[in-house]
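The structure is reproduced here in structure tokens:
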């Protein structure tokens with residue numbers, strides 16, 4: 140069989156131009172091969188007939204000259220029509236034939252996963268490789284104590300609101316955290332924008348900020364306004380809920396109700412100011428859209444009847460069968476008068492599910508909200524969509540809704556992003572007319588967590604066989620989740636190690652399965668391994684997509700799954716070394732175009748080692764990570780990355796159990812191979828740029844080989 144090591148294609152601009160194209164536009168498709176064989180290459184395009192049958196149309200590709208590192212490039216041009224362009228390659232030589240599809244070369248008779256270009260599907264260029272930062276607002280920074288939720292201010296789910304006065308106290312175990320408030324707010328985020336800019340952040344993703352009585356605010360009370368406890372309270376009616384009275388109609392300081400208009404307007408204006416100041420620093424702002432369900436106290440439902448005295452209010456769906464909002468929800472026949480028999484998400488009566496199929500007015504209300512917050516004067520830069528695939532009562536309806544949602548958002552702000560929470564294959568939702576991308580659980584968070592920690596993302600299960608299992612890693616990270624992406628969706632997918640729904644990655648490094656309610660909060664900090672965490676961050680910052688930090692991860696915050704993962708940012712008590720590491724590796728990510736736009740190529744490696752490259756036509760990075768408890772020495776063939784046989788590579792960063800450093804060190808590539816020794820739990824990034832060659836005179840004069848031609 141012939142040598143296939145040089146054969147490569149992906150959907151980056153080196154091999155597909157343009158990578159996002161419109162119907163009627165020509166695209167050039169390139170396949171790279173080595174020059175050791177007399178190759179004949181055909182592009183094979185899949186065409187689906189009207190009867191649903193598959194037809195494969197072959198087109199010979201033009202043979203180019205041998206250039207670069209001994210590669211030959213075959214090219215062809217195709218003019219797009221309205222249909223997705225799905226294709227693979229057939230490569231023949233006197234030695235045999237292979238197929239090359241999205242999973243690489245195969246000797247099989249049929250392709251496995253096709254390359255796919257969707258005409259007219261454009262994702263915002265600014266989001267490609269953007270470093271994002273997720274903030275849970277109540278726990279990030281308290282910039283305005285005057286808007287803090289007070290003890291006993293109102294009743295919520297069987298208890299009173301509570302103000303936590305010790306900023307550094309971990310959240311209470313499951314069952315009480317949702318009504319405990321630390322005081323973080325939008326002013327606190329504004330106050331820390333310089334910190335985020337210095338860290339290298341390019342976009343902020345905010346957990347929900349709309350009116351809601353809970354800490355997490357995934358039970359929206361009013362989509363039209365920012366919660367004054369996160370914004371501003373300029374008019375304080377002063378009274379708390381009377382002792383022994385659970386009726387929030389008597390809680391006159393309670394926000395988002397009659398008499399609170401000034402607070403709502405001031406809070407909305409503060410959000411607009413936050414976005415303006417963020418934009419001045421080159422930082423985008425993404426909102427969390429919780430549109431599958433709302434809270435039982437939502438102004439449309441008004442189960443607590445706190446809106447009844449609002450002038451002009453027509454009455455909530457819970458209080459009146461004649462309410463104009465009645466069909467916003469699904470009530471059972473015995474739901475009148477006044478009982479909780481309506482559909483709730485996961486059967487929670489505190490989270491009534493919105494009934495889109497039953498109310499076109501509800502659809503229009505939500506689309507108006509979607510447009511409002513990405514338009515002046517607010518100018519948010521997009522939406523993260525909570526449980527997006529669950530929104531309606533059928534996938535067919537959901538697809539229709541998200542098509543309308545996309546049209547509304549993109550008409551209001553063409554550069555706004557739409558990123559959905561989704562698990563599993565998202566291909567049908569990423570077909571060009573709905574979401575731009577997803578939170579990348581299946582093709583990033585899960586495989587990275589298993590390889591480095593042996594833990595699932597909740598810290599509920601530990602599998603020692605997963606630790607350092609590079610075969611499992613490559614199998615999972617290239618599985619169904621990855622296959623659903625087009626190039627634009629992949630390169631802006633949120634690549635997270637931690638977030639508000641899962642345990643902190645640093646805690647996962649201790650291998651303890653459990654939660655704060657069973658193990659206690661202190662256990663989350665016991666036995667952690669910062670070196671393993673740093674290795675995972677190196678992957679995060681060198682993988683295709685948008686590396687997304689969860690606030691405080693960079694400062695060493697620990698925590699089991701929610702609510703423990705929602706600890707406060709430790710201002711003044713940060714892990715300074717870990718913080719410096721994040722600044723440096725974010726800088727490396729942003730300074731090296733191949734880590735943002737480049738192709739990804741796995742390289743052969745020994746057990747327990749991840750080896751891969753990111754490369755463009757001009758430069759390449761080699762990333763090596765050893766998860767073994769011992770040193771590993773190996774030779775890595777860097778020629779498939781476009782690196783010459785006698786090149787010099789610069790070490791950009793090395794992380795070991797003793798710490799990390801960015802001191803430049805030059806390594807000589809010998810006959811196409813770079814020999815590297817990796818100590819235990821060590822990660823390294825090496826860089827090659829065109830013109831970096833061995834220079835004997837430079838070595839004699841300065842003790843260095845590196846120079847540029």
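In this note's numbering, the protein residues as written are 140 to 848. From the three backbone atoms N, C-alpha and C, an ideal C-beta is built for every residue, glycine too.
In this structure residue 205 is exposed. Its beta-carbon is surrounded by fewer than 16 other beta-carbon atoms within 10 angstroms. In the DSSP assignment, residue 350 forms a beta bridge with 361. Residues of the same chain with a CB within less than 8 angstroms of the CB of residue 202, apart from the 5 flanking positions on each side, are 178, 180, 211 and 213 in chain order. Linking residue 810 to residue 804 through their CA atoms gives a straight-line distance of about 20 angstroms. Short of 6 angstroms from the beta carbon of residue 791, and not among the five residues preceding or following it, lie these beta carbons of its own chain, in chain order: 727, 824 and 826. In the DSSP assignment, residue 230 falls within the unbroken beta strand (DSSP E) covering 224-232. Here residue 746 has 607, 609 and 767 as same chain residues with Cβ atoms under 8 angstroms from its own Cβ, once five neighbours each way along the sequence are excluded. With 16 or more neighbouring CB atoms inside 10 Å of its own CB, residue 580 falls in the buried class.
Under the Cβ criterion (8 angstroms, minimum of three pairs), the region 656-670 does not count as touching the region 234-242.
Taking C-beta atoms as the reference points, residue 336 and residue 425 fail to come closer than 9 angstroms.
Straight-line spacing of the CA atoms in residue 714 and residue 143 works out to 46 angstroms. The C-beta distance from residue 677 to residue 794 rounds to 6 angstroms, short enough to fall under 8 angstroms. Straight-line measurement puts the Cα of residue 433 at about 17 angstroms from the Cα of residue 540. Annotated as distal: residue 626 and residue 271, with beta-carbon spacing of 9 angstroms or more. Following the DSSP letters along the chain, one finds residue 502 inside the alpha helix (DSSP H) bounded by residues 499-512.
Straight-line measurement puts the Cα of residue 399 at about 37 angstroms from the Cα of residue 699. Residue 775 is classed as buried because its beta carbon has at least 16 other beta carbons within 10 Å across all chains shown. Going by DSSP, residue 402 is part of the alpha helix (DSSP H) stretching over 400-419. Per DSSP, the beta-bridge partners of residue 773 are 815.
For residue 424, the uninterrupted beta strand (DSSP E) segment begins and ends at 423-428. The C-alpha of residue 631 is placed about 19 angstroms away from the C-alpha of residue 675. When rounded, the separation of the alpha-carbon atoms in residue 559 and residue 577 is 5 angstroms. For residue 665, the secondary structure class from DSSP, reduced to helix, strand or coil, is coil.
By the neighbour-count definition (other C-beta atoms within 10 Å, threshold 16), residue 705 is a buried residue. Taking 9 angstroms as the cut-off, the Cβ atoms of residue 226 and residue 254 count as close.
Residue 486 carries a helical assignment under DSSP once its states are collapsed to helix, strand and coil.
9 angstroms or more divides the Cβ of residue 503 from the Cβ of residue 491.
By the criterion of at least three beta-carbon pairs nearer than 8 angstroms, the region 539-558 is in contact with the region 514-522. The shortest C-alpha to C-alpha distance from residue 428 to any of 720, 182, 345 and 499 is the one to 345.
Counting only the Cα atoms, residue 351 lies some 16 angstroms from residue 278. For residue 561, the closest alpha carbon among the candidates 330, 666 and 583 is that of 583.
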